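For the sequence shown, full-length UniProt numbering begins at 1 and goes up steadily by one.
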Amino acid sequence: MTVADQTPGEPRKMRTSVKGPLMFSAFFAVLAFVAVLIFASGGSAKAPRFDLAFTGAGIAFIVSLVVAAMLSMSHKENADHLGKGSGVNLSSKRPGHGGPAAPDNQTETPDAGR
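Here is the structure:
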């Protein structure tokens with residue numbers, strides 16, 4: 001879907017929406033902020049390092065946003081023929097493909113193994 005194909009007032013598809021990757025990135029930014037704020041201070045007797053926490057949150061936000069954008073750009077729809085059928089490869093229905101062994105026409109002799 002290109003920008004020219006969009007109609008104003010209608011919601012976009014999930015893949016072309018901006019809200020999902022931004023929320024994904026914001027979550028990781030908050031997680032990085034809290035983790036760096038707790039662990040970078042070096043103990044409870046020292047002051048929290050907000051400068052490092054904001055830096056870590058910014059880096060986490062940008063990196064996760066770039067990763068989400070790269071993943072959405074590399075998305076490709078499956079071919080139509082892959083969506084047809086039951087979804088199970090029934091190779092056992094074909095002779096000699098994983099089902100029970102085909103009966104042999106040879107008769108066993110009692111002393112064949114000696």
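Even for Gly, the Cβ is constructed at its ideal location relative to N, Cα and C. Remember, predicted model here, so these are calculated numbers, not experimental data.
Annotated as distal: VAL67 and ALA53, with beta-carbon spacing of 9 Å or more.
Secondary structure at PRO48: coil, using DSSP grouped into helix, strand and coil. DSSP, reduced to helix, strand and coil, places ALA79 outside both helices and strands of the structure shown, so it counts as coil.
With fewer than three CB-CB distances shorter than 8 Å, the stretch 70 to 84 does not count as touching the stretch 39 to 54.
Non-local C-beta neighbours of GLY56 in its own chain, meaning closer than 7 Å and more than five positions away in sequence, comprise ALA32, PHE33 and VAL36, ordered along the chain.
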